[in-house]
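Student:
Numbering (the UniProt record's numbering), first residue to last: 1 to 542.
1. DSSP has residue 208 in a bridge; who is on the other side?
2. Could you name the residues of the same chain whose beta carbon sits closer than 7 Å to that of residue 71, not counting the 5 residues immediately before and after it, in chain order?
3. Looking only at its own chain, which residues have a Cβ that is under 6 Å from the Cβ of residue 231, when we skip the five neighbours before and after it?
4. Residue range of the alpha helix (DSSP H) that residue 298 falls in?
5. In chain order, what residues of the same chain have a beta carbon less than 8 Å from the beta carbon of residue 361, not counting five sequence neighbours either side?
6. Taking the alpha-carbon of residue 202 as reference, which of 326, 300, 63 has the nearest alpha-carbon?
7. Taking just the CA atoms, how far does residue 137 sit from residue 425?
8. Can you check whether the CB of residue 409 is closer than 7 Å to the CB of residue 107?
9. Who are the Cβ neighbours of residue 293 in its own chain at under 6 Å, not counting the five residues just before and after it?
10. Which of the three DSSP states, helix, strand or coil, is assigned to residue 439?
11. Please go through the same chain and pick out, in chain order, the residues whose beta-carbon is closer than 7 Å to the beta-carbon of residue 317, but skip the five residues on each side of it.
12. Using three-state DSSP, classify residue 489 as helix, strand or coil.
13. Expressed to the nearest angstrom, what Euclidean distance is found between the alpha-carbon atoms of residue 522 and residue 508?
14. Are the CB atoms of residue 307 and residue 448 within a distance shorter than 7 Å?
15. Tell me the rounded alpha-carbon separation between residue 204 and residue 186.
16. Could you give the C-beta distance for residue 388 and residue 21, rounded to a whole number, given that I count them as a contact under 8 Å?
17. How about residue 114 and residue 134: do their beta carbons lie closer than 7 Å?
18. What would DSSP say about residue 216, mapped onto helix, strand or coil?
19. Can you tell me the Cα-Cα spacing of residue 121 and residue 376, whole angstroms?
20. Which complete alpha helix (DSSP H) runs does the segment 457 to 532 hold, if anything under 4 residues is left out?
21. Rounded C-beta distance between residue 196 and residue 262? I'm assuming under 8 Å.
22. Quick check on DSSP: helix, strand or coil for residue 131?
23. For the alpha helix (DSSP H) that contains residue 180, what are its first and last residues?
24. Check this for me: beta carbons of residue 386 and residue 207, under 7 Å apart or not?
25. Would you say residue 13 and residue 378 are within 7 Å of each other, going by their C-beta atoms?
26. Inspect the CB distances between the segment 429 to 444 and the segment 297 to 313 and report whether three or more fall short of 8 Å.
27. Do residue 102 and residue 211 have their C-beta atoms closer together than 7 Å?
28. Would you identify the three-state DSSP class for residue 45, choosing helix, strand or coil?
29. So, is residue 482 buried or exposed, given that buried needs 16 or more other C-beta atoms within 10 angstroms?
30. Put residue 362 into one of helix, strand or coil per three-state DSSP.
31. Taking only the alpha-carbon atoms, compute the straight-line gap between residue 485 and residue 321 and give it to the nearest angstrom.
32. As a quick exercise: from 46, 319, 286, 432, pick the residue whose alpha carbon is nearest that of residue 356.
33. Thinking residue 543 and residue 498 are a contact (beta carbons under 8 Å), I'd like their distance in whole angstroms, please.
34. If you follow the alpha helix (DSSP H) that residue 231 is part of, which residue opens it and which one closes it?
35. Just verifying my parser: in three-state terms, what is the DSSP assignment at residue 377?
36. At what residues does the alpha helix (DSSP H) containing residue 88 begin and finish?
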């Protein structure tokens with residue numbers, strides 16, 4: 001057990017961290033609420049806000065249905081082929097989109113599906129005069145499926161791979177046909193995880209910002225977060241931005257409540273290298289179908305990535321890297337990523353340590369147990385207010401002081417750190433809890449506590465998971481556009497904003513080169529983060 005002083009120190013640090021997080025979010029929300037009366041009652045609910053809300057829910061619902069519907073046959077095909085050559089690499093490929101900045105993925109999709117892209121070139125050669133357009137609702141759905149189909153597929157394959165081998169032996173002995181196997185074996189497994197997967201994807205799509213900003217194509221395809229950005233950045237209509245921000249907070253809160261009541265999907269368990277002998281799908285037709293489905297899904301995910309690589313290599317990278325604009329943007333992005341990553345890890349470790357210290361007390365008071373539950377819900381509190389809404393609240397607050405430009409970098413660092421906290425906690429908490437359970441009694445019996453315990457016992461074990469969490473947080477910050485969108489200026493430019501500016505001004509060659517450089521940096525950090533680590537025989541991965 002920890003000493004009384006160590007418990008008090010950990011709990012006190014947790015109180016300070018939680019109060020800081022709550023104050024940062026609370027002040028932003030307060031500034032929105034304080035500005036709401038000035039916005040007028042009509043600004044909170046107008047025909048415009050109703051239309052934007054309808055489109056937000058429509059595109060999120062359609063994206064969820066498409067992602068789930070297309071992922072099911074791919075997951076079933078991969079689950080039926082545990083001996084498929086390259087299966088491990090296909091599953092790893094399915095993890096790449098989640099580590100790719102949304103802006104880079106949008107550029108890759110434009111290269112494949114845009115007006116001058118590969119698909120339209122093939123269609124024109126085939127005699128079709130009307131090309132496929134990637135802008136508008138169709139482009140948003142395509143981009144969301146690109147990101148969320150692999151996510152859903154990995155989660156489904158993980159569940160199917162955990163089925164005991166006896167299930168397949170019994171199905172073979174009973175001579176079950178493919179339809180019966182799907183109905184009585186596979187579908188019940190999928191049904192347990194589908195609500196959680198669908199809820200997660202709907203949440204991601206409803207709060208999507210960058211993809212809608214780039215691929216929306218106009219006012220007809222605008223979500224709440226993009227409308228907030230446009231209200232401040234282009235129209236400078238704080239009243240409308242406040243009304244939309246409050247609506248966004250309400251929508252996010254409702255989605256989080258629904259998500260908390262859905263079954264939890266665990267993608268940290270092994271999804272590759274775990275082979276179960278199956279006796280179904282041996283026919284030529286079944287093998288051909290599975291091969292076709294897997295090949296199409298792999299090409300759908302791989303082609304935009306290869307397009308970014310090909311276009312980036314063809315860009316004038318030496319000139320781009322040597323330019324002052326790139327070097328300033330790189331320095332700003334790295335400073336923000338390093339600072340926000342470090343802040344996210346420190347805050348998360350403090351919150352986790354406080355919870356473990358409370359759990360370490362034999363007779364914790366009702367007040368302490370309640371505080372532990374509040375700490376557990378901190379990640380949901382962070383997700384309640386999206387980056388654009390947080391930025392809007394602080395934009396309005398700092399505008400009153402007249403010193404907004406002095407605090408821009410700090411605001412972006414804080415917002416990026418807050419957005420990373422849920423992911424960092426997910427990585428750090430299992431490692432810290434397992435290490436605490438296995439070492440605290442031994443350390444106490446040896447009389448090792450305080451800083452010596454941290455340096456000699458905690459540091460060797462927790463350094464690696466802390467570095468993994470740090471790489472996650474850095475990757476999220478490095479590729480983020482939402483936090484910086486409201487604050488970007490000639491004096492404050494990050495790599496994602498420089499890429500977006502190049503794309504908006506039709507400097508496509510520069511945009512291609514920037515996309516490759518940004519993708520390489522983020523994917524390198526993601527590969528480090530998703531490599532996983534082993535502790536006491538248990539595998540932990542993102």
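Note that beta-carbon positions come from the ideal geometry of N, C-alpha and C, so glycine has one too.
Tutor: Let's see:
1. Position 208 of the chain shown, counted from the first residue, corresponds to residue 208. When DSSP reads this structure, residue 208 sits in no beta bridge, so it has no partner.
2. Sequence index remark: in the chain shown, residue 71 carries index 71 (1-based). Correct list, in chain order: 149, 152, 153, 156.
3. Counting from one through the chain shown, the residue named residue 231 turns up at place 231. Around residue 231: 237, 240, 241.
4. Position 298 of the chain shown, counted from the start, is the residue given in the question as residue 298. Per DSSP, residue 298 belongs to the alpha helix (DSSP H) from 284 to 314.
5. For this step, residue 361 is matched to residue 361 along the chain shown. So the qualifying residues of the chain are 7, 368.
6. On the chain shown, position 202 is the one that residue 202 refers to. Considering only 326, 300, 63, the residue with the shortest C-alpha distance to residue 202 is 63.
7. As a working note, residue 425 is residue 425 in the chain shown. As a working note, residue 137 is residue 137 in the chain shown. Answer to the nearest angstrom: the Cα atoms are 35 Å apart.
8. Counting from 1 along the chain shown, the entry for residue 107 is found at position 107. Counting from 1 along the chain shown, the entry for residue 409 is found at position 409. No.
9. Locating residue 293 in the chain shown gives position 293, counting from the first residue. Around residue 293: 73, 74, 77.
10. Mapped onto the chain shown, residue 439 falls at position 439. In the three-state scheme derived from DSSP, where H, G and I count as helix and E and B as strand, residue 439 is classed as helix.
11. Here the question's residue 317 lines up with position 317 in the chain shown. The residues 513, in chain order, have a CB closer than 7 Å to that of residue 317 in the same chain once the five nearest residues on each side in sequence are set aside.
12. The count along the chain shown starts at 1 and reaches residue 489 at position 489. Strand.
13. Working through the chain shown from its first residue, we reach residue 522 at position 522. Working through the chain shown from its first residue, we reach residue 508 at position 508. Roughly 21 Å between the two C-alpha positions.
14. Within the chain shown, the letter at position 448 stands for residue 448. Within the chain shown, the letter at position 307 stands for residue 307. Result no, Cβ atoms of residue 448 and residue 307 do not sit closer than 7 Å.
15. The residue you call residue 204 lines up with position 204 of the chain shown. The residue you call residue 186 lines up with position 186 of the chain shown. If you take the alpha carbons of residue 204 and residue 186, they lie about 26 Å apart.
16. By one-based count along the chain shown, residue 388 stands at place 388. By one-based count along the chain shown, residue 21 stands at place 21. Residue 388 to residue 21, Cβ: 18 Å. No contact.
17. As a first step, residue 114 must be located in the chain shown, where it is residue number 114. As a first step, residue 134 must be located in the chain shown, where it is residue number 134. Cβ atoms of residue 114 and residue 134: closer than 7 Å.
18. Position 216 of the chain shown, counted from the first residue, corresponds to residue 216. DSSP places residue 216 in coil when its eight states are reduced to three.
19. Position 121 of the chain shown holds residue 121. Position 376 of the chain shown holds residue 376. Residue 121 and residue 376: Cα-Cα distance of roughly 52 Å.
20. Whole alpha helix (DSSP H) segments, 4+ residues: 459 to 478, 495 to 504, 508 to 530.
21. Your numbering for residue 196 matches position 196 in the chain shown. Your numbering for residue 262 matches position 262 in the chain shown. Taking the Cβ atoms as the reference, residue 196 lies roughly 5 Å from residue 262, within the contact range of under 8 Å.
22. For the purposes of this step, residue 131 is taken as residue 131 along the chain shown, with counting starting at 1. If DSSP states are grouped into helix, strand and coil, residue 131 belongs with coil.
23. What you label residue 180 is simply residue 180 of the chain shown in a count that begins at 1. Start and end: 178 to 181.
24. Against the chain shown, residue 386 aligns to sequence position 386. Against the chain shown, residue 207 aligns to sequence position 207. Contact flag set, yes.
25. Your numbering for residue 13 matches position 13 in the chain shown. Your numbering for residue 378 matches position 378 in the chain shown. Contact: no.
26. Taking a contact to require three or more Cβ pairs closer than 8 Å, the segment 429 to 444 and the segment 297 to 313 do not qualify as touching.
27. The residue labelled residue 102 in the question sits at position 102 within the chain shown. The residue labelled residue 211 in the question sits at position 211 within the chain shown. Yes. Within cutoff.
28. For the purposes of this step, residue 45 is taken as the residue at position 45 of the chain shown. The answer is coil: DSSP assigns residue 45 none of H, G, I, E or B.
29. Within the chain shown, residue 482 is the residue found at index 482, counting from 1. Buried, since its Cβ has 16 or more Cβ neighbours within 10 Å.
30. What you label residue 362 is simply residue 362 of the chain shown in a count that begins at 1. Of the three classes helix, strand and coil, the one that applies to residue 362 here is coil, per DSSP.
31. As a position in the chain shown, residue 485 is number 485, starting the count at 1. As a position in the chain shown, residue 321 is number 321, starting the count at 1. Rounded to the nearest angstrom, the two C-alpha atoms are 23 Å apart.
32. Stepping through the chain shown from its first residue, residue 356 is reached at position 356. Taking the Cα of residue 356 as reference, the smallest distance to any Cα among 46, 319, 286, 432 is reached at 432.
33. The chain is shown only over 1 to 542; residue 543 falls outside these bounds and no answer can be derived.
34. In the chain shown, counting from the first residue as 1, residue 231 sits at position 231. According to the DSSP assignment, residue 231 belongs to the alpha helix (DSSP H) that extends over 224 to 233.
35. Start at 1 with the first residue of the chain shown, and residue 377 comes out as number 377. Coil, per DSSP.
36. For this step, residue 88 is matched to residue 88 along the chain shown. For residue 88, the enclosing alpha helix (DSSP H) has its first and last residue at 87 to 99.
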